[in-house]
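In what follows, a single structure is set out as structure tokens and then discussed.
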Amino acid sequence: MANSAGSKKRARQAIKSRAHNGSIRSMVRTYLKKVDAAIETGDQAEAKAAYILATSKLDKAADKGLYHKNKAARHKSRLSAKIKALA
Numbered sequence: 067m068a069n070s071a072g073s074k075k076r077a078r079q080a081i082k083s084r085a086h087n088g089s090i091r092s093m094v095r096t097y098l099k100k101v102d103a104a105i106e107t108g109d110q111a112e113a114k115a116a117y118i119l120a121t122s123k124l125d126k127a128a129d130k131g132l133y134h135k136n137k138a139a140r141h142k143s144r145l146s147a148k149i150k151a152l153a
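Residue numbers (the working numbering): 67 to 153.
Encoded structure:
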């Protein structure tokens, strides 16, 4: 348990940031699922639209350190390949 005032404050901040980060991660996963759902339907235009939104959210999360930049790039690459295969 935190003893000093500074460590108590950091513990409070960690709780807040954990909740915030979890919220952003959940949002990114939701956008990725929307792209996958659009790919499953076979509608390339809808998939591209969902992909654009998902990549924006994913890049912002990677910039904030929630995801490693290579993980974000890997997700984008795989989704892009799936969308191109629909044509």
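For each residue, glycine too, the CB sits at the ideal point set by N, CA and C.
_Going by C-alpha to C-alpha distance, which of Ser73, Ala71, Lys148 and Gly72 sits closest to lysine 114?_
Working through the sequence shown from its first residue, we reach residue 114 at position 48. Cα-wise, what sits closest to lysine 114 is Lys148.
*Looking at the unbroken alpha helix (DSSP H) that takes in serine 122, where does it start and where does it end?*
If you number the sequence shown from 1, residue 122 lands on position 56. 110 to 129 is the span of the alpha helix (DSSP H), which, as asked, contains serine 122.
*For my contact list, leucine 124 and lysine 142 are in at a C-beta cut-off of 8 Å; report their separation, rounded to the angstrom.*
Taking the first residue of the sequence shown as position 1, residue 124 is located at position 58. Taking the first residue of the sequence shown as position 1, residue 142 is located at position 76. Right, their Cβ atoms sit about 7 Å apart.
*Contact check, alanine 127 vs leucine 98 under 8 Å by CB: the rounded distance?*
The residue given as residue 127 occupies position 61 in the sequence shown. The residue given as residue 98 occupies position 32 in the sequence shown. Actually they are not in contact, since the Cβ atoms of alanine 127 and leucine 98 sit about 11 Å apart, beyond 8 Å.
*Is it right to say alanine 105 is buried, meaning 16 or more other beta carbons lie within 10 angstroms of its own, or is it exposed?*
Position 39 of the sequence shown, counting from 1, holds the residue named residue 105. Checking the sequence, you will find isoleucine at residue 105 rather than alanine. So isoleucine 105 counts as buried.
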